[in-house]
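A.B. asks: Handing you this structure, nothing more for now.
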Amino acid sequence: MSFNRDSLVALCLILASGGLMLASFEIREPDYGVLSPAAWPRIIIIIIGGLSVIYLIQSFSTPQKDISPVPKKTLKEFVLYWQNVIAVFSIFALYLLVLPYLGMLVGNILFSFVLLTVLGGWNAILMHLVIALGASGGMWLLFTHVLEVFLPRGSLTGF
Amino acid sequence: MDIFLEALLNIIDPVTLTYMVIGVGAGLMAGSIPGFTIAMAIVLTLPFTFSMPPAQGLATMISVLVGGLSGGLMSGILTGIPGTPSSVATTFDGFPMARAGEPGLALGIGVWSSFCGGIISAILLVLFAPQLAMVGLEFQPWDFFMLVMFALTVTASLAGEHLVKGLIAGAAGLFIRTVGEDDAVGVGRFDFGSDYLLTGFDFIAVLIGLFAFSQLLSDLRNPVTARNALSDRKQVKVKIEHRRAIGILFRNWTVVIRSALIGMFTGILPGAGGSIANILAYDQAKKAAKDDSKFGKGDPRGIIAPEASNNAVEGGALTPLMALGIPGDITAAIMLGALLMHDIVPGPTFIKDEPALAYSIYIAFFLASFIMIGMQSGVLRVFVLVTRIKTYILATVILTFATIGVFALHNSIEDIWTLFFFGILGFIMRQFGFPLAPMILGVVLGNIAELNLARALAIDSDPMLFFLRPWSLFFAIIAIFSMVFPIYQKHRDTGSLLERFFSPLVLLSISLPLFMMGGLLRTTLAFAAIAVSSFIMWQRFGKTKKG
């Protein structure tokens, strides 16, 4: 019996179930309707909680298979292993934050150009620029002019 | 007849036809890219169809689906890398045949088997969906609720030894749909004072995040492989040999029909899709062959079986969707999303209430198969060239595309945040070995489950009715057995009691609700189930005594 990655996930799930169960008592109970708005979520939370307990017990009794050989030695190794994923997360979050200021067209061109360059390296920077301009511009034209979907304009760029 | 004509005119409209051709092309391209699943292609098509009339939107999505199911065979046969999980078995004999100097014949057999599988399943869809819908008319809210539970447990049970993780994922999917305003009484739930949470998560943004975004992140994880092209094949100079391929298919018509039926049946089962059907059909073709020594070395039957079955899967998956409103797999779940987006709620009365739309789906399914044949022959080279694009370029373009698509759903930046959050969640779940299919089904079916639970309790507050009504008992029994199924599989060939008595117990248990349903056919079926169960038990009990 040993505490492993699955045990940690199971514990987090049990804690989350407890937290959500508490939050379910904040749901307002109206005087009308047969099924309380909190009833169905509570049933689901109880199921998740119960299953998480089984998962925790299983994690102790089942030998842990190392499905993803993630290096655990140093923070640097960890970051190097996940560098692309961290890059995508960070660039995407940044893109979402600046989207209201830059708008969809400029925002998407910048997002795809930066992401392509970070993932593919600086050697093909010109190709990345062409792809970013072509793909983002093409999609912008398709959505705004063919499908007539309004795409957000940036408060700084104006388009 | 007027309705059929109306549906036909909907589909043969030049704009719809153009979208269908683009859809088949996009599907073929998506299918030919290893790692880019058909479900991902369908989910990314969804935002495009928002501004289209329902029939046009569904026809476009069906075209992507048909194209995607067939696209996997090209890269599988020519490069040995299956484009989609549903064409894994095609490579077993397709690639050896191509390497032996017959790539044109291998492709021909694959293309025509796909076509036949698609057409057979389309015919069965037309025949079976209305029949199943008639059965569905007997369903009451208790039965629908249990049907959703059954769909979730079956999907979770496909996770095999990770059954508990599958069940947690399914329940989490149901929970995600409870966030925001309650549909029945309009009370906010789990909003924590945030307007963003109060409006709830748009389920299409959730689906794209969970499925597409997380998949892209997984593809990009390794910096070295992310910079590689999916295939280094420089040129494709192949001409599909149609005539020879059709001749071989005629000689092996039993393999075609059997495989299509396997695909259709697998598709009807919630959660089981093409990835299972192609392996099952291949295995059956091998077992049924008098001489199986050529399997794995370029036997035509080894291409026919997986391709006919994986194309037949969607006819099967669309059957419960059109008849009961319950999707047979992830792609059908996304189709359900498309229908809900247009305020059309499929259910037993769908075919009766929306006959033009139902016929449009049938016609689109047939027509897309013909378009697929034409396109696969004509622009084969282009599709295979796609596999030469570097992974990070493809992933970035797809991600940009997904972002615009998600925004277009409601012109809301919040939906892109939803895409982002659920992309992270999906990625983490993949890393921890949680299957995504039950969660996606939970997200899609969450509202249907809650609505039917509320309806059932409004009619009668006795919760025991969920186990006392024939159909709900029937679904509850098969839901329980589906949860035990992974344990049964683990004990196969061990001679344990569970292994010996699992199937007779299933038959014995389902005979009870069949008796309760009444009527000549169902009572006969119940007696037959008891007879078969008793016979198996007698045989196996004898073995146990001898042992």
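Protein chains in written order, with the numbering used here: chain A, 4 to 162; chain B, 1209 to 1755. Even glycine gets a Cβ: it sits at the ideal position worked out from N, Cα and C.
1. Need the endpoints of the alpha helix (DSSP H) that Met1549 (chain B) sits in, please.
2. Do Ile1581 (chain B) and Val1229 (chain B) count as a contact pair if the criterion is CB distance below 8 angstroms?
3. Listing by chain order, which chain A residues have their CB less than 9 angstroms from the CB of Val1594 (chain B)?
4. Determine the chain A residues that contact Thr1386 (chain B) at a beta-carbon separation under 8 angstroms, and present them in chain order.
5. Mind checking the segment 107-130 of chain A against chain B and listing, in chain order, the residues whose C-beta falls within less than 8 angstroms of any C-beta there?
6. State whether the segment 1662-1682 of chain B contacts the segment 1695-1703 of chain B, with contact taken as three or more CB pairs (one from each stretch) at a distance under 8 angstroms.
7. Please report whether the beta-carbon of Ala1666 (chain B) lies at a distance below 8 angstroms from any beta-carbon of chain A.
8. In the DSSP output, which residue or residues are listed as bridge partners for Arg156 (chain A)?
9. Check whether the Cβ of Ile1416 (chain B) lies closer than 8 angstroms to any Cβ atom in chain A.
10. In whole angstroms, what separates the C-alpha of Met1237 (chain B) from that of Gln1584 (chain B)?
11. Between Arg156 (chain A) and chain B, is there a C-beta pair that is closer than 8 angstroms?
12. Find the residues of chain A that neighbour Trp1625 (chain B), judging by a C-beta separation of less than 7 angstroms, and give them in chain order.
13. Keeping to the same chain, check which residues put their C-beta closer than 7 angstroms to that of Asp1738 (chain B); ignore five residues upstream and five downstream.
14. Just to confirm my understanding: we take Gly1408 (chain B), look at its own chain, exclude 5 residues before and 5 after, and list those with CB closer than 6 angstroms. What are they?
15. Exposed or buried, what is Phe162 (chain A) when buried is set at 16 or more other beta-carbons lying within 10 Å of its beta-carbon?
16. Taking all protein chains shown into account, do 16 or more other C-beta atoms lie within 10 angstroms of the C-beta of Tyr35 (chain A), making it buried, or fewer, making it exposed?
17. Taking Thr1527 (chain B) as part of the alpha helix (DSSP H), name the residues at either end of that continuous run.
18. Closest Cβ-Cβ distance between Met24 (chain A) and chain B: below 8 angstroms?
19. Taking Cβ-Cβ distances below 7 angstroms as the criterion, which residues of the segment 1395-1414 of chain B are in contact with chain A?
20. In the DSSP assignment, what residue or residues form a beta bridge with Gly1703 (chain B)?
21. Tell me whether Gly1276 (chain B) sits in a helix, a strand or coil according to DSSP, three-state version.
22. Using 8 angstroms as the threshold, is the segment 116-133 of chain A in touch with the segment 152-159 of chain A, meaning 3 or more CB pairs across them?
23. Taking beta-carbon pairs under 9 angstroms, can you tell me which members of the segment 1416-1432 of chain B lie near chain A?
24. Report, in whole angstroms, the separation of the C-beta atoms of Gly1275 (chain B) and Gly1235 (chain B), which I expect to be a contact under 8 angstroms.
25. Quickly, what does DSSP pair Arg1397 (chain B) with across the bridge? List them, please.
26. How many whole angstroms separate the CB atoms of Gly1504 (chain B) and Phe1300 (chain B), which I take to be in contact at a CB cut-off of 8 angstroms?
27. So, does the segment 1259-1271 of chain B touch the segment 1445-1453 of chain B, judging by three or more C-beta pairs under 8 angstroms?
28. Residues bridged to Lys1598 (chain B) by DSSP?
29. Are three or more beta carbon pairs between the segment 1531-1546 of chain B and the segment 1322-1342 of chain B nearer than 8 angstroms?
30. Look at the alpha carbon of Phe1421 (chain B) and the alpha carbon of Tyr1567 (chain B), and state the distance between them as a whole number of angstroms.
31. Please list the partners that Asp1670 (chain B) has in chain A, where partner means a Cβ-to-Cβ separation under 8 angstroms.
32. Closer than 7 angstroms by beta-carbon distance: list the chain A residues that pair up with Asp1390 (chain B), in chain order.
33. Mapping the DSSP letters down to three states, classify Asn1460 (chain B) as helix, strand or coil.
34. Can you say whether Leu1598 (chain B) is buried or exposed, counting buried as having 16 or more other CB atoms within 10 angstroms of its CB?
35. Compute the Euclidean distance between the alpha carbons of Ala1314 (chain B) and Arg1663 (chain B), then round it to the nearest angstrom.
36. Can you look up Gly1326 (chain B) in the DSSP assignment and give me helix, strand or coil?
C.D. replies: Judging by the given coordinates:
1. Start and end: Ile1538 to Met1549.
2. For Val1229 (chain B) and Ile1581 (chain B), no; Cβs fall outside 8 angstroms.
3. What Val1594 (chain B) touches in chain A: nothing, since even the nearest Cβ is about 14 angstroms away.
4. The answer, in chain order, is Trp43, Pro44 and Ile47.
5. Hits within the stretch, in order: Met107, Asn111, Phe114, Ser115, Leu118, Leu119, Leu122, Gly123 and Gly124.
6. Verdict: no, contact absent.
7. Closer than 8 angstroms to the CB of Ala1666 (chain B) there is at least one CB belonging to chain A.
8. In the DSSP output, where bridge partners are listed per residue, Arg156 (chain A) has A:Gly106.
9. Not one chain A Cβ lies under 8 angstroms of Ile1416 (chain B).
10. Their Cα atoms are separated by approximately 10 angstroms.
11. No - not a single Cβ of chain B is within 8 angstroms of the one on Arg156 (chain A).
12. One finds Leu99 in chain A with Cβ atoms closer than 7 angstroms to the Cβ of Trp1625 (chain B), taken in chain order.
13. Note that residue 1738 (chain B) is Ile in the sequence shown, not Asp. Result list for Ile1738 (chain B): Leu1716 and Ser1719, in chain order.
14. Counting only Cβ-Cβ distances below 6 angstroms, and skipping sequence neighbours, we find Val1387 and Gly1388.
15. It counts as exposed.
16. Tyr35 (chain A) comes out exposed.
17. Here the alpha helix (DSSP H) through Thr1527 (chain B) covers Arg1509 to Leu1532.
18. No, no contact with chain B.
19. Taking 7 angstroms as the Cβ-Cβ cut-off against chain A, the residues of the segment 1395-1414 of chain B that qualify are Val1395, Arg1397 and Phe1398.
20. Gly1703 (chain B) is not bridged to any residue.
21. In the three-state scheme derived from DSSP, where H, G and I count as helix and E and B as strand, Gly1276 (chain B) is classed as helix.
22. Taking a cut-off of 8 angstroms for Cβ pairs, the segment 116-133 of chain A and the segment 152-159 of chain A do not touch, as fewer than three such pairs fall below it.
23. Hits within the stretch, in order: Phe1421, Leu1424, Leu1425, Ser1426, Leu1428, Arg1429, Asn1430 and Pro1431.
24. That pair is a contact at about 2 angstroms.
25. Answer is B:Gly1388.
26. Confirmed, about 6 angstroms.
27. Short answer: they don't touch.
28. Paired residue(s): B:Ala1437.
29. Contact holds: three or more Cβ-Cβ distances are below 8 angstroms.
30. Going from the Cα of Phe1421 (chain B) to the Cα of Tyr1567 (chain B) covers about 34 angstroms.
31. Within chain A, no C-beta atom comes less than 8 angstroms from the C-beta of Asp1670 (chain B); the nearest is roughly 12 angstroms away.
32. Residues of chain A passing the Cβ test: Pro40.
33. Coil at Asn1460 (chain B), not helix or strand.
34. As written in the sequence, residue 1598 (chain B) is Lys, which differs from the Leu given in the question. Classification of Lys1598 (chain B): buried, given that the 10 Å Cβ count is 16 or more.
35. Our two residues, Ala1314 (chain B) and Arg1663 (chain B), have alpha carbons roughly 54 angstroms apart in a direct line.
36. Here Gly1326 (chain B) sits in helix by DSSP.
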